[in-house]
Structures are given as structure tokens and as C-alpha cells.
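Numbering follows the working numbering, in which position 79 of the sequence shown is assigned residue number 80; successive positions increment by one, without gaps. In this text, a Cβ means the ideal position worked out from N, Cα and C, and glycines have one as well.
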Amino acid sequence: MAKPVVLVVMDGVGWTEKDKGNAVLHAYKPQIDELMTKWPHTTIKASGTAVGLPSDDDMGNSEVGHNALGCGQIYSQGAKLVNESIESGSIYQSSAWKDAVAYAKEHGGKMHFLGLLSDGNVHSNISHLIALIKECKAEGLNEVRVHALLDGRDVPETSALQYVDQMEDLFKELNDGTFHACFASGGGRMVITMDRYEADWSMVEKGWQTHVMGEGRMFPTFREAVETLRAEGNYTDQFLPGFVIGENGTPAGTIDDGDSVILYNFRGDRAVEISKAFDYMNSGFDSFNQVKKPKVYYAGMLQYDGDLKLPEHFLVEPPHIEHTMSGFLVEKGVNSYACSETQKFGHVTYFWNGNRSEKFSEELETWVEVPSDIIPFELKPWMKATEVTDLMVEAIESGKYQFLRCNYPNGDMVGHTGNYEATIIGVESVDLNLRRVMDACKKMDYTLIVTADHGNSDEMYDKGTNPDGSPKPKTSHSLARVPFAIYNGPEGTEVKEGNGFGLANVAATVVKLLGYEPPKEWLESIIK
């Protein structure tokens, strides 16, 4: 007979033997080790195309991870999502786009586009920029400025001028007596603006000075800037110093009061810091000296950090998701229970239910939030794992629910601090509490699935070292696969062979264990 199912998501706990500060590998974790050796287990994909991102070089995140876990399907994210939004025109109906246009019009300001200029399709795509500029003219804006970061990593290392020429041709096509678009500034992606993981805020400061203040070496044309700097320093595109476009000492387009600014990159890792600089500039932001703080409307192509809600405004909404697991279980009359602390509560509810704020059924869905402490996570790496476990054990032993899920945020939130020692404690805290969940499942004869939504704590060191010789901390997610194990399942439970399974295969596995036939829209179950 089918048994109730409990699903535990260990946020940010990747599974790999690679040791670049692997806090998971080195943590004392007898429960996880037991699950990944003595019970049916495998590892599954949690990044790249397996969660709807453009390529397998794209790290997964909690938002897309819980989307996939909760709906059993792969929905377009990142570049795919932007492509579809532009093709359908929905991007221009977003409140962020409408507000950005309206703000510039109302204040007689300029529309600025900042981002990576290439068709590499990893961080951005020039086709998106072109479409947005054309729409600016169609909607009656008068002045558009482009602040172009040069690639040379995701495309050939000295291919910049082909994209520059493409943009100059566009400007010639569009510019007339009522509309004027042009380049305003530029520089290599590894020199200005596009720092990541807070490794070098001076890059962002240089970008601010170049794009916002119009300070730097000035050239009359973008082509002349690239050709001159290449000749002088033998630079490839990604390492070109920042520069300003202008004539007679006057920049072509500083970012000023009354302007709107759109960061058209869709990938988040190198978009977070410059977004912080704009969104937080009047909120005690002190990562560098912002001599100039213009009153602008700022928006990103996407929201680059769901936990920080950064940026506040963004053009492309998360995907519209149908055929979710919660909707399916409500139709079957299944009582479900979801629990986490504040940091990931939205992930086991909103994102799990397909970016839906409301429950499918007030009667059948129970959501419980444990308020997170307002304290740096490295100072209390156990977070609220015990409180979440208390509630989960109580809910299991109540016998009321047929499907229960929870998220332990420790591996991700502590992992983001870059503190290796604290992250080990965070992982061990989750493991310690797993024992109580396992014991409750054994007592009540429930099936337990333990997995993760993406990697993070498995890779705590970045390339290079600090000046004192210590490892350079890495605060971002990883590309690691994640653990998947089934504890106390029905007799004869076996996982299928192969390494092609991902987070989106978990939903069918859950409902199969519950005794139901998965919907045809879902990816196949991981168990035989």
C-alpha cells in the first residue's frame, strides 16, 4: 500500500567529490551519509537546462529549483524567458517597462541601457537590446544611450567591433529629427561594472564613474576607442579599460536626474552588484564612494536575486506555470503541509506552487512559517533548523497529512557568507535534525525523500588566494548535482539507472510513491 511522503530540501547542498572548500564533503553528516549509501539513492541535476536556464554553464538557484520541484516540468528561464517575452510583446506590458518609459518622458530624461554587448547568450543577447531600443522609439522617447560592456569570453576574444558596427547601423536606421540613440560609454567586462561575488567592488566603482558620471578617457566614437586601446595595450575585449564617448570634453550621455536605466543582462551573478549600487544608493550603501547619486528609475531584465528582491523593478516576470504538484494533490483530496523559516518560506509555498501566492485549497494546504533571526548567518549557522524540525515532527506524528515538505536554508544562506567554518556547522545542523525527521517517518511508517535545490556549500573557495595566502571565499552557487535519497520507502523501491534525471523528475516520484499516476505533462519518475 502507498504511504504518506515527506520531502526535505537541504537548500544549497550539492553533492560532489570535488574539493574546493567542500563544506558538505568535510562536514560530520552521518544521516546524509547513511541516506546516500544504505538507501535507494542517486544524484540529480539542479542547474542549467535541467531547470530551464539557457546553458549548462548557468548555476541553478532556489527560485527555479523550487519551480521545477513543485511542477514536474522544465519551464523557460533566463534567456529563453526573455526571448519569449519579447516575441509576445509581454515585456512591454510589464509595470517596470511602462514605468521606466513614463519616468523618462515625465522628466524629459534619457533612457539608458547598460549591459554586455554580444550574442554570447550567457549573460545577455544583443538582439534583446536592439528590440528594446526600437520599442523606445515606437513609444515616443527621444534620447537613448547605450553603455556597452565588451565580452570576449562567451564570444571570440576580439569580436567586439562586429557588435559595435551592428549597433551603429541600428542608430543610423532609427535616428531622425525626433529620436537620437548612441553609445555613451564602454569597457571590458573583466575591468568595469560586471564584478561578481563581491570579489572586487572597485570594478563597480569604475563602472559608476564611467557610465553615471561620464569620467574617463574620452573618444569621439566607440570604434576609435576600441581600436586605440587595443593598439596601446594589446588588450582583448574583456580587458579593455573603461572609456567615455563624447566630443570637446562633453560626454554623450551621463546618467542624470530624471533618467531611466535598464540593465539588460539576464544572468544574475554579474548583475547583482551594480543593481545594489542603483537600488541601495540612498539607503546607506557604502561599498564604494558614490560621488554622484542621480534620481533615476532603475530596472533589471530579470530579478537577479530573489532572496534580496534585487532589483526592485524588473521587466520579465517569472514563468506562468501550470499543472503543479499542489494543484494535482488538491484534486486528489490530499492534505499537504509546507514549512520553512522566513528565508525560504516563499520557496516551499509561492515558488513551489508555480509562482502563485495563494493556496489551491485553504482546507487541504497548510503553510507554516518560522520567523528567521535578523542576524548575520555566519554568527548563527544553525539558524532555525531545530524549530522547523519540531514542527515537521509534530505534523508527521499528527497523522493528518499525506504529503509534507520543508526546506532547511542553512547550506545556502550560510554558504553565501563565504565563511567555510560556519557553513560546515550549517550543514551539520541540517544533518543532526534529519535524524529526528527520519525517526518520525520510521515511527509513523512514512516515506522520506531527501534532496536539494542547487549547490553552494559544496564549493566555498574561488580561484586564487587572498594576500595573506588564505583561500579566496566563494559566495555563489555551484554547478554541482544534488543528492536524492529515499528512506523507508515501500518494499522494493529502486531508483532508475542513468544520470539524466533532474529536479523536475521529483514531482512524478512523489505522486508515484503516494500511489497515483503522474500527469502526462510531467517528466518521468526517478523510481522504477
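Exercise. On the three-pair Cβ rule with 8 Å, is the region 82–101 touching the region 180–194?
Worked result: no
Exercise. To the nearest angstrom, how far is it from the Cα of residue 279 to the Cα of residue 380?
Worked result: 28 Å
Exercise. Count the other CB atoms within 10 Å of the CB of residue 395; is the residue buried (16 or more) or exposed (fewer)?
Worked result: exposed
For this session: Using beta-carbon positions only, say whether residue 484 and residue 16 come within less than 8 Å of one another.
Result: yes
Problem set entry | From 453, 344, 362, residue whose alpha carbon lies closest to that of residue 506 | 453
For this session: Would you kindly work out how many angstroms separate the C-alpha atoms of residue 126 and residue 119, rounded to a whole number?
Result: 6 Å
Problem set entry | residue 43 - DSSP class collapsed to helix/strand/coil | strand
For this session: For residue 289, collect the residues of the same chain with a Cβ closer than 8 Å to its Cβ; drop the 5 residues on either side in sequence, then sort them by chain order.
Result: 202, 203, 205, 206, 209, 278
For this session: Mind reading off the beta-carbon distance from residue 187 to residue 223? Whole number of angstroms is fine, and I expect it under 8 Å.
Result: 6 Å
Exercise. Can you give, in chain order, each stretch of the alpha helix (DSSP H) that sits fully within the region 338–393 and has at least 4 residues?
Worked result: 343–347
Exercise. Within 10 angstroms of its Cβ, does residue 148 collect 16 or more other Cβ (buried), or is it exposed?
Worked result: buried
Exercise. Taking Cβ to Cβ, would you say residue 154 is nearer than 8 Å to residue 291?
Worked result: no
Exercise. Beta-carbon of residue 102 versus every beta-carbon of chain B: anything under 8 Å?
Worked result: No chain B appears in the structure shown, which is made up of a single protein chain.
Exercise. Do the region 10–27 and the region 455–464 meet, that is, are 3 or more Cβ pairs less than 8 Å apart?
Worked result: yes
Exercise. Could you check where the alpha helix (DSSP H) with residue 421 kicks off and where it finishes?
Worked result: 421–445
For this session: Could you tell me the boundaries of the beta strand (DSSP E) in which residue 184 lies?
Result: 181–189
Problem set entry | Pair within 8 Å by beta-carbon distance, residue 263 and residue 139 | no
For this session: Could you pull out every residue in the same chain whose Cβ sits closer than 6 Å to the Cβ of residue 510, ignoring the five residues on either side in sequence?
Result: 526, 527, 528
Exercise. Does the distance from the CB of residue 60 to the CB of residue 486 come in under 8 Å?
Worked result: no
Exercise. Using the C-alpha atoms, what's the distance from residue 386 back to residue 372?
Worked result: 11 Å
For this session: Report yes if the CB atom of residue 30 is closer than 8 Å to the CB atom of residue 428, and no otherwise.
Result: yes
For this session: Let me know the beta strand (DSSP E) ranges lying completely inside the region 91–130, each 3 residues or longer, listed in chain order.
Result: 112–118
Exercise. Residue 78 and residue 53: beta carbons closer than 8 Å?
Worked result: yes
Exercise. With a Cβ-Cβ cutoff of 8 Å, do residue 324 and residue 137 count as a contact?
Worked result: no
Problem set entry | Proximity to residue 82 [Cα-Cα], best of 6, 50, 260 | 50
Exercise. Relative to the alpha-carbon of residue 91, which residue among 156, 150, 295, 316 has its alpha-carbon at the smallest distance?
Worked result: 316
For this session: Return the chain-ordered list of same chain residues with a C-beta closer than 6 Å to the C-beta of residue 339, the five sequence neighbours on each side being excluded.
Result: 349, 350, 368, 406
For this session: Could you tell me which residues DSSP puts in a beta bridge with residue 11?
Result: 409
Exercise. Is the beta carbon of residue 488 sitting closer than 8 Å to the one on residue 40?
Worked result: yes
Exercise. Where do the N-terminal and C-terminal ends of the alpha helix (DSSP H) with residue 88 fall, by residue?
Worked result: 79–89
For this session: Within 10 angstroms of the Cβ of residue 270, are there 16 or more other Cβ atoms? Answer buried if so, exposed if not.
Result: buried
For this session: For residue 294, name the three-state secondary structure that DSSP assigns.
Result: coil
Exercise. Where does residue 67 land, buried or exposed, given buried means 16+ other C-beta within 10 angstroms?
Worked result: buried
For this session: Assess, as a yes-or-no matter, whether the region 302–310 is touched by the region 252–268 under the definition of 3 or more beta carbon pairs within less than 8 Å.
Result: yes
Problem set entry | 3 or more residues per run - each beta strand (DSSP E) lying fully within the region 240–296 | 244–248, 261–264
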